[in-house]
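Reading through the structure tokens given below for one structure.
Protein chains: 2
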Amino acid sequence: MTIDRPSVLQPEMPPTRWGDPARAAGLPEGVRDLVGLVFPIRDTPARDDVTLPVPRLAADDLVGLRAIVGDEHVVLDDALRRGRTRGKSTPDLLRQRSGDLADAPDVVVRPAGHDEVAAVLAYAAERRIAVVPFGGGTAVTGGLVAETEGTDLAGVLSLDLGRMRGLLALDPVSSTATLEPGLRGPEAEALLAEHGLMLGHFPQSFEYATIGGFAATRSSGQSSAGYGRFDAMVVGLRVATPVGEVRLGSAPANASGPDLRELFLGSEGAFGVITEVTVRVRPLPEVKEYEGWRWASFADGAEAMRSLAQSDLLPTVIRLSDENETAINLADPEAIGGEGDDGARGCQMIVGYEGTPAAVAAKRAAVTAALTALGGTAQGSGPGEAWAHGRFDAPYLRDSLLDVGVLVETLETATFWSNRENLYARVRTALEESLGAGTMVLCHISHVYPTGCSLYFTVAAPGGEDPLATWLPAKAAASEAIVAAGAAITHHHAVGTDHKPYLTAEIGTTGVEVLRAVKRAVDPAGILNPGVLIP
Amino acid sequence: MTIDRPSVLQPEMPPTRWGDPARAAGLPEGVRDLVGLVFPIRDTPARDDVTLPVPRLAADDLVGLRAIVGDEHVVLDDALRRGRTRGKSTPDLLRQRSGDLADAPDVVVRPAGHDEVAAVLAYAAERRIAVVPFGGGTAVTGGLVAETEGTDLAGVLSLDLGRMRGLLALDPVSSTATLEPGLRGPEAEALLAEHGLMLGHFPQSFEYATIGGFAATRSSGQSSAGYGRFDAMVVGLRVATPVGEVRLGSAPANASGPDLRELFLGSEGAFGVITEVTVRVRPLPEVKEYEGWRWASFADGAEAMRSLAQSDLLPTVIRLSDENETAINLADPEAIGGEGDDGARGCQMIVGYEGTPAAVAAKRAAVTAALTALGGTAQGSGPGEAWAHGRFDAPYLRDSLLDVGVLVETLETATFWSNRENLYARVRTALEESLGAGTMVLCHISHVYPTGCSLYFTVAAPGGEDPLATWLPAKAAASEAIVAAGAAITHHHAVGTDHKPYLTAEIGTTGVEVLRAVKRAVDPAGILNPGVLIP
């Protein structure tokens, strides 16, 4: 067993941008000119000289916190508070770029392990301080914004899990690993790789997002076809709540009543702080092969995905871009917004295989035969390698586009196969009608099941004078379209505060009452991420 | 869409036996003599002349119920009440064989659909009548015994779902079907087979157990390796509660907060009555092939199962008997309790493949290569066909053994692979020590996961003067051994009343508080299956 508990602070993401500032390249001049052909562009630099509000906590609140985690782990420093303000949705970035850091936490507290988390929660409940668990800060649905207005809460504590980054246990016989919540994706994979193992969870936020966040938001990664959603990888959880701990996971599956793991998965910090996650692990793949396939239409490609999923014949990665997204991905500079580089519109699918050489060869042969029979055209490894190379880069491009005043955001949903076309048309129309002329709506399917799939939309539109005011009605229109289509308000980005108005439509008033009852039971003081998740 | 709502009553199981009385053959003389070599036997006929307690409900309670479901569906008849008394565990049968029908419900109410269920629940909450949902009556952990002592509940209403037996919707594109809860296994499969589809859920109780019961107890079937546990087949639920309905399942999977489907699955009637279940369906298999494999030991066979599961290379059916169970299964009359018919103890595994000819051939080739490399010996189709022929017959044999005074019961648990041997040894020792000399403990693994497996024990022992008094301490000892091993108190038989004392050890006091909070929210009057599930 390897234990790795770094005590140094991790590199911070700035409040106005994604990721490593050294990788933020800006738009090259040629691309900038091209974007300017489609959108009205103008430089919109981010403000980074903002002074934070004065922390609201009383001095004796801090004394108690310091006694629990140690003086140096109760931090009032502006830089740390800035880095824990909201998440990385476009609205978050737009607010922060405009200098609005009003949601900054009052204090950052960095516990060393489960017991310190539990003690902080008990203390916060006593002192009436809101607690917002913080992992990688990659939230995109407002899950890091505590609502304290109208409450008697004294302030907001960002519970930074960055010191909880250990591999606590490894069971190679059962193929399970117990991970601490503050481990970022690459850190968890590196610890497991020392044992020849991997988790296999690669969402776009992989480089910064954390194990605890994956669990708390029901994340799903780009290899979900082969390795499953994060919630499906989880076999055990340890959760600290203000009223006591919860340990779950007596077996891979059981009939010991309701599966309470599934109640804490997706609970977004509102029911407790996840302090340990036991997951299924796998041998590191010996082979990784990614390739492109071409389909005459989005519908044709989606039907092929459905056929594979319903035949239990899924590769490790499968994703399909609609005509618009395909055109953008394939575009050379002259072709942005126009036809693909081979003159055919069509749709591109990326198919990836990982595993032993024998398993990859067998799966690839079967999938290739099936896709060919269904009308797909193999494009070889070029498109696959290009996708794999850039798979975590999109958030950097968004920053560069926001820099030139182009509004870019994503949203996602899921439904059953028979409702896919209806959902796609409704959401696309809602976005186009709300945002008006010049809007570009792209879509892909990246998570498939025997009974349905996700739809992931990327929107680009002229930002105008106030891009936030432009976007919020469009997001509302898209959300209402999703609800009207009877689909999920989110497939893998959680509820947060952004989707909260739509949750009642999805789970009903009795469902919401159940969530409220659980909340009252585990958090009677109402300190846990107040305002998030529960309408 | 096919709608099938039979209004006639289904054939009843007698309170003292399993299944169809016409199939209860008794022990042939030769077998009876053989059993007598191992156990002291004596005839212990079941009493079936018992008069039921007088129904406790007031006349005006019945008036209201009749107004909801119609006069003919509010039944006070002794035969119907007898058939809805407890379930089919050995303790249930022993009590009933001795003439104890004290737990008989006061009235049987048969609603026609969701709205009538909802109305009955609202009425029962108002009139303080306990409601026990009743499907196939196959419960084996005391889930059909309402606890009204010490409450102000006026009586017990058996909510018989036998009129709710429709296929409400079929979505062939999404491969989903919406089923009513009263459909028995064969009825659901017959309705789906009209469309070339199947569910693929075949627990030993298949012939009598119902869709609602599968969901409410987290059932798992004999083809779980290929088709999954029942809870994994469910994509949508409709539940009637005394405070309103809950509809869940916006998509195959979502991130819209906690997955409340997993809170109602396994809720055993304590949180509401499941009135619709939407499940994944599959094409009927064109080919079914079952075969035997021989392993030198239980450990060798289990390691092979682990290897297949961790390689994502599972057949449709895989089950492994330990040395004792293998010996019994293979025994010719002279060999009961001795060595197998080929002189080697060893262990038998049944491996089954279902699907298209091509898929079966491919899977079979890969599994055969893997099992051979792992040291297994193929035995051909004989053992596989024998298993398939008798797969639902064990409960009939139990009745015949109870008739000659032999105590027979089963229990099951699950754990992670690394804990399998520890769990097996602890439970077996606990049973042998409690039941004493002459006890036979058999075990098989019939549900496997990448991270662990189930263990299913069958126990036979001399019944003695009071077989119930003999069994209850043994069950307690086995349950304590399971808890001490950190395993699941049940893998697929639910909590009921029998496992309730052990649930706190498994999910913790905070976990239990969460269940209580949900219960209070959806059933403030405490009428739903009182005393079941929640400690």
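Residue numbers (my numbering), protein chains in the order written: chain A, 517 to 1051; chain B, 517 to 1051. Each residue gets a CB set at the ideal place from its N, CA and C atoms; glycine is no exception.
For A/Pro649, the uninterrupted beta strand (DSSP E) segment begins and ends at 646 to 650. Not a single C-beta of chain A is nearer than 8 angstroms to the C-beta of B/Leu824. Excluding its 5 nearest sequence neighbours in each direction, A/Pro719 has C-beta neighbours in its own chain below 6 angstroms: Ser735, Gly737, listed in chain order. Taking 8 angstroms as the threshold, the shortest C-beta distance from B/Trp987 to chain A does not fall below it. Between the region 580 to 598 of chain B and the region 621 to 628 of chain B there are three or more C-beta pairs closer than 8 angstroms, enough to call the two in contact. Chain order gives the chain B residues near A/Tyr965 as Pro768, Ala769, where near means a beta carbon separation below 7 angstroms. Scanning its chain for C-beta atoms nearer than 6 angstroms, with the 5 sequence neighbours on each side dropped, one finds around B/Thr560 the residues Gly921, in chain order.
In the displayed model, B/Gln738 falls within coil according to three-state DSSP, outside both helix and strand.
Per the coordinates, the alpha-carbon of A/Val689 lies some 42 angstroms from the alpha-carbon of A/Gly891. The Cβ atoms of B/Leu951 and B/Ala1001 lie no closer than 8 angstroms to each other. Under the three-state reduction of DSSP output, A/Gln612 falls in the helix class. Going by DSSP, A/Pro702 is part of the alpha helix (DSSP H) stretching over 701 to 709. In the three-state scheme derived from DSSP, where H, G and I count as helix and E and B as strand, A/Trp534 is classed as coil. Taking the beta carbon of B/Ser690 as reference, the chain A residues within 7 angstroms of it are Phe932, Trp933, Ser934, Thr967, Gly968, listed in sequence order. The Cβ of A/Leu781 sits closer than 8 angstroms to at least one Cβ of chain B. Rounded to whole angstroms, the Cβ separation of A/Val762 and B/Gly1024 is 6 angstroms, and the two are in contact under 8 angstroms.
Closest option to A/Leu830, judged by alpha-carbon separation, among A/Glu839, A/Asp775, A/Ala886: A/Ala886.
DSSP places A/Glu870 within a strand segment (E or B) once states are collapsed to three. Of the candidates B/Ala706, B/Pro983, B/Tyr806, the residue whose Cα lies closest to the Cα of B/Leu917 is B/Pro983. Listed in chain order, the alpha helix (DSSP H) elements of length 4 or more contained wholly in the region 870 to 916 of chain B are 873 to 889, 897 to 905. Secondary structure at A/Thr1026: helix, using DSSP grouped into helix, strand and coil. Boundaries of the alpha helix (DSSP H) harbouring B/Gly729: 727 to 733, taken from the DSSP string. As summarised for the region 948 to 992 of chain A, the continuous beta strand (DSSP E) elements at least 3 residues long and confined to that stretch are 956 to 961, 968 to 978, given in chain order.
Contacts with chain A at 8 angstroms (Cβ-Cβ) include B/Thr757.
A distance below 8 angstroms separates the beta carbons of A/Arg796 and A/Val751. For the pair A/Arg681 and A/Ala1041, the CB atoms are not nearer than the 8 angstroms cut-off. Taking a C-beta distance under 8 angstroms as the contact criterion, B/Ala994 and B/Leu923 do not qualify as a contact pair.
Taking one beta carbon from each stretch, the region 804 to 817 of chain B and the region 762 to 772 of chain B have fewer than 3 pairs nearer than 8 angstroms; the two do not touch. Short of 6 angstroms from the beta carbon of B/Thr926, and not among the five residues preceding or following it, lie these beta carbons of its own chain, in chain order: Thr974. One finds Ala771 in chain B with Cβ atoms closer than 9 angstroms to the Cβ of A/Thr733, taken in chain order.
Pairing A/Pro978 with B/Arg798, the inter-Cα distance amounts to about 46 angstroms. Of A/Arg572, A/Val759, A/Pro607, A/Pro621, the smallest CA-CA separation from A/Val633 is found for A/Val759.
B/Ala889 and B/Thr757 have their C-alpha atoms spaced approximately 53 angstroms apart. A distance of 8 angstroms or more separates the beta carbons of A/Ala1010 and A/Gly653.
Here B/Thr1020 is exposed: its Cβ has fewer than 16 other Cβ atoms, across all protein chains shown, within 10 Å. Counting the other Cβ atoms within 10 Å of the Cβ of B/Ala574 gives fewer than 16, which makes it exposed.
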